[in-house]
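See structure below.
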Amino acid sequence: MLAFWALVLAVGVVIGGRVFEGSVAATGSGGSESAAGTAVVQAADPVQGTVTAVVDGPPVGSDGVKAAVERASAEVAGLPGVVSVADTYSTGGQLTAGDGKASLVSVRMADGSTAKQLSAVTDRLERIDADGAHTVVGGDLVLQQEVKDQTAKDTRFGEIVTLPLTLVVMVLVFGGLAAAGLPGIGAIASVGGALLAMFGFSKLMDIDTSVLPIATVLGLGLSIDYALLMVNRFREERGHGADIAQAVERTAATAGRTVAFSGLTVAVALSGLFVFTSPVFRAVAAAGVSVVVIAVAAALTLVPALLGFMGSKIKAPTAPVPDEGFFSRTVRRVQRRAVPVMLACVALLLAAGAPFLGSEFRNSGADVLPKSFASRQVAETVEARFPDQAPAAVQVVVEGSHQQAQQYADEVVSKLPGVAGVRAVTPVSDGVQTVDVLVKGDPQGAEAKAVVGELRAERGGLDTYVTGDAASLVDFQHEIGSRGPWALALVAAGTLVLLFMMTGSVVLPVKALLMNVLSLGASLGALTLVFQHGYFSSLLGFTPTGGLETVIPVLVFAFAFGLSMDYEVFLLSRIKELHDQGYDCAKSVELGLQRSGRIITSAGLLMVIVFAGFAAGQMLMVKQMGIALAVAVAVDATLVRTLLVPATMTLFGRLNWWAPAPLRRLHRIIGLDEHVELPPLRPVVLPAPRLVKPRGLVGAP
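Heads up, the final residue of the sequence shown is numbered 701 in UniProt numbering, and it's a clean run with no missing numbers.
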């Protein structure tokens, strides 16, 4: 088994880089009008994208600059993969800045052009430096490449930073290097398996670049959590007097079942993303579910093998976990004040989630990268100094002649109240034209969205597709609004069924759902404050864009919901085990939290470290996911599990375990009983005490 996982890790490391190379940029909402319009343009003009160079400094009319630009344009036009090259001199000054001190060179690359061909084009353009000109190269193809490269760097950085920190924390938790290192070994092997799985999926579907670090961080966090739970139970069994073989077997029979059940709940939460049609959601679902399966497989096969191999080096406690401690005392205090504690926790979580009600959503472009990146600098320069060349907020694709498209632009588009003007009607092919529409105000604001709706309501008798950033945002939000409730219903139903199968109760699953929603709301509220309103932005090293990435709330819901349910399963499995042993509700909660609270808190701390390590990277979307999940886990592992769960279970008492009679009979048939028959412990033979003669006593012989 160890050899098998070593092979998985080795192959995963070898192909890890190829996974990032094969990733692609998100293409919007699947099956939407904006995506269909983009496909029509790509079919009519099969160009992969553009490379744009800004030549800044001396006057554009300078002989030296003109000669240098024209020479570079001619050389670039002869490079492989280049379709066409345009500069300000070949277009009659159209690519000149308003101040006359900067110009653009635009290179269109053929569909299927390689990274090597792109690199050759950018290298040649960067060498335009006549008369002290400063050249910066960007464009959509450079942006995609920089996003891929930075995502790979952020992923490696997150792994390098988090693994040593998690090792330190686990040494403090277990008091020994052997026990602390074992979860790290399991996590590293799981990451290798995750890379293999994502590489396989990349051959079947487009994997968005942002999916890779998200799936990696999920696999890393879950692997550490599951291995931590297994090692902790192993040490408990050793403390009860079990030898290594017995301890491994009993660990698999208890903690192993909890891990399997926990992984199933996380997978169900992620499966809700399959309801959506957008490629990014389906890619996250496929990669996420496969990563969860791999993490569970590693916990149930690799970790027991490691325990059997090096169990003698893991420091075992000298006595069972005491039933009296910090968590038991905390539970008793909560139980004495259950109502005020519950009300205070709910009020605090609702207040934390309130900012999300005023959240705004955006589809970011080059601003996903820091300002130091060339592609972002070029995008901002084009928008500020070359407004006529900046992408229009709304673009209408017209299937018809140029004359029809021009008439449509004059008679329909220009008369709409939110339209600031029509930039141009551009022929893509004989039967396809594009109309660039300028809007008033924010290009992704309410007025721009209204223009999208008006253009879709009035098409002038032509076959048109309304595309552009504003249209993509409208389509994305429509998809989330229409399919989101179905995804939520699927996740809720699956979670309710699974928790019912585990507990036999209908009350506990409903309470778990409600508490997860509260902790999720707190996470989204914090996300809004930080990334929309800019709190702590300088500390976290990013520039606020004025809103959240459209996909983020959905992804946060799926991931945070699954992880929160992860800790719910950890705690409920212990409480259910004690309840089945005959303890009343109050005592089951007290002992359950006392015996699992330390490991849940430790697991939560490790998860926060993992997510924070990835949030320290440069990519804005990954940073948003890291912060959101770190907050969700921190709130759930502390406030919810330590205070809110004991308070609500105290108030409900015996009602916690209630279910209608038909469901009780059903549970006896299909229920997953966590209180299993454990393999018996063989009696431990202790050496007989050595008799010592007393000396120096009066009357001693």
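A virtual CB, placed ideally from N, CA and C, is assigned to each residue, including glycine. On a predicted model such as this, the values are computed, not experimentally measured, just so you know.
Length of the line joining the Cα atoms of residue i and residue j
{"i": "F561", "j": "D56", "result": "49 Å"}
{"i": "D140", "j": "S119", "result": "14 Å"}
{"i": "K371", "j": "A285", "result": "31 Å"}
{"i": "Q404", "j": "T88", "result": "29 Å"}
{"i": "V82", "j": "S106", "result": "11 Å"}
{"i": "T27", "j": "A379", "result": "The predicted model places T27 with a pLDDT of 49, which falls under 50 and marks its position as unreliable; any figure quoted below should be read in that light. About 19 Å."}
{"i": "S537", "j": "R668", "result": "53 Å"}
{"i": "G613", "j": "Q624", "result": "12 Å"}
{"i": "H675", "j": "L572", "result": "Note on H675: pLDDT 43, under 50, position unreliable in the model; the coordinate value appears next. Distance between the alpha carbons of H675 and L572 is about 12 Å."}
{"i": "G525", "j": "G358", "result": "9 Å"}
{"i": "A616", "j": "V231", "result": "29 Å"}
{"i": "residue 751", "j": "I15", "result": "Outside the shown range of the chain (1 to 701) lies residue 751, about which nothing can therefore be said."}
{"i": "V368", "j": "G256", "result": "40 Å"}
{"i": "K313", "j": "L2", "result": "17 Å"}
{"i": "V419", "j": "G441", "result": "10 Å"}
{"i": "K424", "j": "L204", "result": "Note on identity: in this sequence residue 424 is Ala, with Lys being the wrong assignment. Taking the straight line joining both Cα atoms gives about 39 Å."}
{"i": "R233", "j": "R376", "result": "50 Å"}
{"i": "R574", "j": "Y535", "result": "39 Å"}
{"i": "L238", "j": "A661", "result": "Looking at the sequence itself, residue 238 is Arg, so the reference to Leu does not match. Answer to the nearest angstrom: the Cα atoms are 40 Å apart."}
{"i": "R108", "j": "A366", "result": "18 Å"}
{"i": "K587", "j": "A493", "result": "30 Å"}
{"i": "V85", "j": "L620", "result": "32 Å"}
{"i": "S32", "j": "T467", "result": "10 Å"}
{"i": "S564", "j": "L349", "result": "14 Å"}
Buried or exposed by the 16-neighbour rule on C-beta atoms within 10 Å, applied to residue i
{"i": "V497", "result": "exposed"}
{"i": "D463", "result": "exposed"}
{"i": "V291", "result": "buried"}
{"i": "K116", "result": "exposed"}
{"i": "T166", "result": "buried"}
{"i": "G461", "result": "exposed"}
{"i": "P355", "result": "buried"}
{"i": "G49", "result": "buried"}
{"i": "K148", "result": "buried"}
{"i": "H134", "result": "exposed"}
{"i": "A267", "result": "buried"}
{"i": "I128", "result": "buried"}
{"i": "I160", "result": "exposed"}
{"i": "A74", "result": "exposed"}
Residue i: first and last residue of the uninterrupted alpha helix (DSSP H) it sits in
{"i": "P183", "result": "L177 to S202"}
{"i": "Q377", "result": "A374 to R385"}
{"i": "D410", "result": "H402 to E411"}
{"i": "D140", "result": "D140 to F174"}
{"i": "D469", "result": "D469 to T503"}
{"i": "S290", "result": "P279 to A297"}
{"i": "S596", "result": "C585 to A615"}
{"i": "E447", "result": "A446 to A457"}
{"i": "V60", "result": "Run containing V60: none; DSSP gives neither H nor E here."}
{"i": "F327", "result": "F326 to R336"}
{"i": "D225", "result": "V211 to G239"}
{"i": "S537", "result": "S537 to L540"}
{"i": "V303", "result": "V303 to M310"}
N- and C-terminal bounds of the beta strand (DSSP E) containing residue i
{"i": "L104", "result": "A102 to A110"}
{"i": "D56", "result": "V47 to D56"}
Residues that DSSP places opposite residue i in a beta bridge
{"i": "T434", "result": "V397 and T426"}
{"i": "E33", "result": "The partner list for E33 (beta bridge, DSSP) is empty, contrary to what the question assumes."}
{"i": "F361", "result": "L548"}
{"i": "T96", "result": "S103"}
{"i": "A86", "result": "S106"}
{"i": "G626", "result": "Answer is none; G626 lacks a bridge partner."}
{"i": "V275", "result": "According to DSSP, which records beta bridges pairwise, V275 is partnered with nothing at all."}
{"i": "Y465", "result": "V397"}
{"i": "V136", "result": "V54"}
{"i": "V419", "result": "V439"}
Residue i Cβ short of 7 Å to the ligand COA heavy atom set
{"i": "G81", "result": "Within the structure as shown, the ligand COA is missing, as the structure has no ligands at all."}
Would you be able to state if there are at least three C-beta pairs under 8 Å between the segment 488-497 and the segment 404-415?
In this structure the segment 404-415 does not lie against the segment 488-497, because fewer than three pairs of beta carbons, one per stretch, are closer than 8 Å.
Count the C-beta pairs between the segment 181-194 and the segment 213-223 that are closer than 8 Å, then say yes if the count reaches three, no if not.
In this structure the segment 181-194 touches the segment 213-223; the number of beta carbon pairs closer than 8 Å is three or more.
Does the segment 583-601 come close enough to the segment 325-336 that 3 or more CB-CB pairs lie under 8 Å?
Of all C-beta pairs linking the segment 325-336 to the segment 583-601, three or more are shorter than 8 Å, placing the two stretches in contact.
Pair every Cβ in the segment 326-342 with every Cβ in the segment 499-519, then say whether three or more of these pairs are closer than 8 Å.
Remark: fewer than three beta-carbon pairs, one from each stretch, lie closer than 8 Å, so the segment 326-342 and the segment 499-519 are not flagged as touching.
Quick check: the segment 387-403 against the segment 34-45, are at least 3 beta-carbon pairs closer than 8 Å?
Under the three-pair Cβ rule at 8 Å, the segment 34-45 counts as touching the segment 387-403.
Within 8 Å, do at least three Cβ pairs link the segment 468-478 to the segment 437-457?
Contact holds: three or more Cβ-Cβ distances are below 8 Å.
Is the segment 631-645 in contact with the segment 603-611, if contact means three or more CB pairs nearer than 8 Å?
Three or more Cβ pairs drawn from the segment 631-645 and the segment 603-611 lie within less than 8 Å of each other, which places the two stretches in contact.
For the pair the segment 262-273 and the segment 553-569, tell me if three or more CB-CB distances fall below 8 Å.
Taking 8 Å as the limit for Cβ pairs, the verdict is that the segment 553-569 does touch the segment 262-273.
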